[in-house]
Structure formats: C-alpha cells, structure tokens
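One structure is given here, and the rest of the page talks about it.
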Amino acid sequence: MQQGPEEKTILQDVPWPDEPPVMLPGQTFGSVTDTIADAVLTRPIGLGWLFGLFIGMTLLGVLMAAVTYLFLIGVGIWGIEVPVAWGFAIINFVWWIGIGHAGTLISAILLLLKQTWRNSINRFAEAMTLFAVACAGMFPLLHMGRPWLAYWMFPYPSSMGVWPQFRSPLVWDVFAVSTYATISAVFWYVGLVPDFATMREKAQHPIARKIYGLLAMGWRGSARHWKNYEALYLLLAGIATPLVLSVHTVVSFDFAVAIVPGWHTTIFPPYFVAGAIYSGFAMVLVLAIPIRKYYGLEGLITMRHLQNSAKIMLATGLIVAYGYAFEAFIAFYSGSTYERFMMQNRWFGPYAFFYWCLILFNILIPQVLWFPKIRAKTGWLFCISLVILVGMWLERFVIIVTSLHRDYLPSSWGHYTPTRWDYAVFFGTIGLFTTAIFIFIRIMPAISIFEMRALLPEAEVKAK
Amino acid sequence: MSHAQLSPPIYGLLAEFDTPTDLVYAAKAAYAAGYRKMDAYSPFPIEEASEAIGFHKSRVPLIVLLGGILGGSSGFGLQYWINCISYPLNIGGKPYLSWPAFIIPTFELTILFAGLCGVFGMFALNGLPMPYHPLFHSERFAMVTRDKFFLCVEAADSKFDLVTTHQFMESLDPLTISEVPH
C-alpha cells in the first residue's frame, strides 16, 4: 500500500507515484483564488464566449418555437404513434438524466472515496447535472399531451378524491427525479456558499458585491461553521450516492416492469446506471476540455483529471458492453420465441443500422482508450467523448423503438419515423443546456475555490 | 452619560496569521490560557482549528438522521393511508398494502427530507444568513476569503481584558492585531 502524506481533511490529496499532479506546481492560496475568480470578475466578455452563447440561444429559440407549437397542436406533431408511443421524448429523457449522473458521481461518490482530484471538476460537473436534469425533466411533461395537468402526478388532496397509482414505476419516477433535482440543487448551492463569500470580497461593482453577498449569506469562514459545513457536505455525499444509483434504477424500472420483449429483464438497473455514468463522463470531458483551454485553467484541471475520466469511461463502457452481451445471450437462452425474435429484429430488422452504429460507437471505438498515448491527447479524448454521447443516445433509441415497434402480435406492428418537431425539441434542449452552461461559467466560479485551496501543500497543519 | 459611551465596548480582538499551522497553534495557546469565547477563521476547512477552539461535535448528523426518519415514515405513511384508508382500489388483485411497491417513494422521501433538513439545519446552527457581523468592520478580515487566517477572542469572554488579552495575543506572533468594534 502506497503511503501518502497524512490526510488532514476530507479534501486533501494523496497522490500515487508517476501520476500527473492534480494541480501544477507554483500555486498559492492567492493565485488559486485569482485564477478562478478573475475568469468571472475581470475577464472581458470574449468573442468565443459570445459565439457559444449565440449558438446556444439560437437553439433555445428553436426549443421555444417547438414547444409553443406543441402546446397549440398537441403531441400529434411528433412521430409517435401506437405501437411506438414513447419515441424521442423518452429517449431524450433517459439520455439527459444519464448525463446528469456523472456530476453526482464526481461530487458525491468520488468525495467518499477520497478521490481528491475531483475538487477541480466537481463544481461544473454539478452544474452540468442540474442543467441536464432540467432538460430531462421537460420531456415527460411535454410528452404528457396535457402538460398543464402535470401536478396530477403529485399526491395532493384533490377535489376528485383520487390519488396517484403508487404501484406504477411512472409515479416512482416522479419521486426519484424530483428528489434528485432538489438534492443536486442544494448540494451545488451549499458548495458555492464559501466561494460566493470570496466573490463578495473580490467583486468591484457594487451591485455584483450585493448579489454575491446575498448569495454568500454572510459566510465568514468560522471554524464552527466549517465543522458543521463539512459534516453536512459529507452526509449529503453519503445520501446522494444511493440516490443517484436509485434514479437510473427507477428509470430502468419504467422499462423492466413492463412485459415488452427487450424491456422485461433484470439486467436493466445496473446496466442503465453504468451507461448513465458512461455518457455523463463523456459530457464532462466535452465540457472540461474546451473550458480549461479557453480560460487557461490547465494548471487546475490537469491531464490527471482527463485521464482519470477516460479510465472511468473505459470501465463503465465495459460494463455496458457486458450488458449488451447478456441481453443477447438471455434472449436466446430463455427459449422465449418473442425474446429471440426481438434480438434478431435488432440485429437484422429495419433499425439494424442503428444497432450496429451503437455497437461501433459505444463498444468498439472507445477501446482505443486502453492506449495511454491516446488518453494523453485532449483532441482524441474530446472526439471519443462525442462518439460516446451519440452512441448512448442510440442505445436508448434502440431499446425504445426496436422493442416497441414489433411486440407479440404482428397485427399490431408499426414503424416509427421522427418528424422535424422531434428533432427541433431535441436540439432545442441542447440549446437550453449550452446556454445555461455558458451563463454559468460567466457568473459563478466554475471551479470550487475553497476546495482547491485545501488541496495545496500549504493547507496542511504541520507540527511546530 | 452612560458607561457604554465612556468606553465603547468592542466585539473582540482579532489576530491575523499567514498559515493554517500558525492559526491552529495560536488557537490552542488561547484555549490553554483559558479563553473560551473565541473563533478561528480560515479560507478553507481546517479540522484542527475547530478542535483547538474546543468545538468537537457537530449536531448536523443528528438533524440529518431525524430528517431521514421523518421523511421515510411520512412517505410510507402517506402511501399506506392513501391505498388502505382514503381510497382503497383493487389493482389486479394485489393487496391494498403492496409494501414492496411503496419502498421506492419511501426511499426517495427519506433522502429528500434528510438532505433538506441537513441543509437548513446547517445554516440554522451556523446562524446564517447573517448579513451583518462586527468582523466585517475589519478591513483585513476580507482576506479570510482569500489567503489569511484569523483568531478572534471575543470581549464577551469572562477572561477578556483589553490590555492583558492584547499582550497575550502579541505573544502569539501574529501579522497584525486589531480591535473589532461592534
């Protein structure tokens, strides 16, 4: 067992030999503070940022238009039709909520495992979680047909005297996703409070000082406060860990509890969770690589972060591959005609092209991450992450569409073709996500300042 | 003329340090000298600092536990009441109390209540939000959100005396010492 320096707080780093450092040398408490805070406070608004925001807001406008039209006409503008009644809305819901999972994994699970390299990526990974969950949460609402009645999903004493059906996974989903959104939001805010205090002191503009001051709630760094704060932070991590695993498990129950061939399988919960983390880390890299380049944060988000994320993608990708393999094996081993047909239909049916793309994008291409030389190149990591994001979207497409369009009775078979409004809503939520991320990195510290200070060697209390 | 106007009361004496080590040793020395009403301030959590000022146990874990128990029992209770008392419905011949199906909302509400109680409890225990605090009068104190460490011995301490406490704090070798007005 490697002996690192004695651990002082939950935030300190214990490096292994030959690992790239979690922070490049030469940083001090002050320089860490300035690098992160000045990216928000003193850096002028650049053309690159404006261009990114422009793209995001253009797509956001598309979303607004598509949703307005959807509310006027109804879900008939989408390609959904019995037997494929779920379509893009549920594909996108599962895809977005999976992306959110990496943020919680980084902020909670890696904190409990004392993986302190997480300190420089947890803040924007948590922001990513929030925005992804916001995008995800829209889809079940839009898909309802009558979204203004969404509150019927919650148990409240209505004049109708009826209640939600608590034996249904769709109601479990309401509880899981709304709890997840709430806990992610408070976890994120609690982490920001000490940094808002830093921003309050550093900001020059009186209005900015007021706003950061309000958000900081008068934080003053007292040892008593820190003690309560750290106790809470650790406990939130402790409860967020089973929570995040439960969320995608419940999402997989939406499928697994049904009797549709290709859905009714016990391997779904673990394989959905692994897939969620897989796509989430891909999104973390897609965001982190340009942000560290553009904001000159290479000293704080080092190759160690990128390489570790790549290793996690490799591991979760293999779990996903195992899931695909066992899905196919059980389909034949079960002896069920319907299951076997479902698998043959996936391989050779009308949507076979997407199935083989999914195998290529999710399993074959990411295997190049085994090579340390590839893991050391940010361009490669960025491209592979994009490929994985597309692959994971295709996975949900294949699960939903190929299972539904041909179930037990050939008389009820159908075909699913998305319309332009399906694409408009999907790319529109990418716009919402992009816009939110661009605004976030402009007005809030994108890296946790106080957790980075705690990583410095000077933060250790030495014997006198 | 009241006494208060003759000698304006101060909040306390504030000593500034450059490193967490200096802060922790100063806090330990102050505790050993008998001061109790004091606090250490730092730009990031230092476990030894809260130990040094004699603050050993946070009550946050208890609040989180109680919140979790409350959330879990109210979540299950709600489903029991709805399905068995308020509006019993026969769904596919399943028992009214199909408890395995109720576990997931119960679990989610446990987490939700535990988390929210913890967050509100932490802020309440810390007395936040508190937009005004005497320490914010000190110009140097702004550096606590950057790279400086502070020890404040409060005037409310029974052992506090402006002259002797000042002398004691000088013996701790701080960068600066200042009086914090109310």
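From first to last, the protein sequence lines stand for chains B and H. Here the first sequence stands for residues -1 to 462, numbered as in my numbering. Here the second sequence stands for residues 60 to 241, numbered as in my numbering. Quick reminder that beta carbons are idealized off the backbone N, C-alpha and C, glycines included.
Cβ-Cβ separation between Ala123 (chain B) and Ala235 (chain B): approximately 13 Å, too far for a contact (criterion under 8 Å). Within chain B, the C-beta atoms nearer than 7 Å to that of Phe114 (chain H) come from Ala221, Arg222 and Lys225, in chain order. Around the Cβ of Gln342 (chain B), a 10 Å sphere holds fewer than 16 other Cβ atoms; the residue is exposed. Shown here, Ser220 (chain B) sits in a strand according to DSSP, grouped into three states. The continuous stretches of alpha helix (DSSP H) do not include Pro102 (chain H), and DSSP gives it neither H nor E. The C-beta distance from Tyr70 (chain H) to Pro233 (chain H) rounds to 17 Å, too long to meet the 8 Å contact threshold. At least 8 Å separates the beta-carbon of Asp171 (chain B) from that of Val242 (chain B). Judged by DSSP secondary structure, Phe209 (chain H) falls outside any alpha helix (DSSP H) and instead within the beta strand (DSSP E) spanning Phe208 to Glu213. Annotation: Cβ neighbours of Asn185 (chain H) in chain B (cutoff 8 Å, chain order): Ser220, Arg222, His223, Asn226 and Tyr227. Scanning B:Leu110, B:His141, B:Thr127 and B:Lys112 for the CA closest to the CA of Ile71 (chain B) turns up B:His141. Taking a 10 Å sphere around the C-beta of Pro370 (chain B), we find fewer than 16 other C-beta atoms and assign the residue as exposed. For Lys460 (chain B), a Cβ of chain H is located within less than 8 Å of the residue's own Cβ. Of the other Cβ atoms in all chains shown, fewer than 16 fall within 10 Å of the Cβ of Trp158 (chain H); this residue is therefore exposed.
Sequence-distant partners of Thr314 (chain B) (beyond 5 residues in either direction) whose C-beta falls short of 6 Å from its own C-beta, in its chain, are Ala272, Ile275 and Tyr276. The stretch 75 to 142 of chain H contains, as complete alpha helix (DSSP H) runs of 4+ residues, the segments 79 to 91, 106 to 111 and 119 to 139 (chain order).
Look at Leu73 (chain H) here: in three-state DSSP terms it is strand. Around Leu175 (chain H), the beta-carbon contacts reaching into chain B at under 9 Å are Thr180, Ile181 and Val184. Within the stretch 220 to 246 of chain B, no complete beta strand (DSSP E) segment of 3 residues or longer occurs. Neighbourhood of Ala201 (chain H) in chain B, by CB distance below 7 Å: Glu199, in chain order. Out of B:Trp217, B:Phe152 and B:Leu103, the CA that lies nearest to the CA of Asn185 (chain H) is found in B:Trp217.
Using a Cβ distance threshold of 8 Å, Phe200 (chain H) and Phe208 (chain H) do not count as a contacting pair.
In this structure, B:Phe279 is the residue among B:Ile181, B:Glu79, B:Phe279 and B:Met301 with its C-alpha nearest to the C-alpha of Gly96 (chain B). In summary, Met158 (chain B) is exposed, with fewer than 16 beta-carbon neighbours lying within 10 Å of its beta-carbon over all protein chains present. Within the same chain, Cβ atoms closer than 7 Å to the Cβ of Asn120 (chain B) are found at Ile104, Ser105 and Ser446, the five residues on either side in sequence being excluded. Counted as a single uninterrupted DSSP element, the alpha helix (DSSP H) harbouring Glu325 (chain B) occupies residues Met301 to Tyr331. Listed along chain H are Val178, each with a C-beta nearer than 7 Å to that of Val188 (chain B). Neighbourhood of Leu137 (chain H) in chain B, by CB distance below 8 Å: Pro153, in chain order. Interface flag for Met228 (chain H) against chain B is unset, since no Cβ pair is found closer than 8 Å.
Rounded to the nearest whole angstrom, the C-alpha separation of Tyr154 (chain B) and Lys218 (chain H) is 57 Å.
Chain order gives the chain B residues near His192 (chain H) as Gly216 and Arg218, where near means a beta carbon separation below 8 Å. Between Leu128 (chain B) and Ser182 (chain B), the beta carbon gap of about 6 Å places them in contact (Cβ cut-off 8 Å). Straight through space, the alpha carbons of Pro167 (chain B) and Val255 (chain B) are spaced by roughly 7 Å.
Counting along the chain, Val239 (chain H) sits inside the beta strand (DSSP E) bounded by residues Thr235 to Pro240. Interface with chain B (8 Å Cβ-Cβ cutoff): Glu198 (chain H) is excluded.
Secondary-structure assignment with DSSP links Val82 (chain B) through a beta bridge to B:Glu79. Considering only beta carbons, the part of the stretch 144 to 156 of chain H lying closer than 9 Å to chain B consists of Ser145, Tyr146, Leu148, Ile150, Gly151 and Lys153, in chain order.
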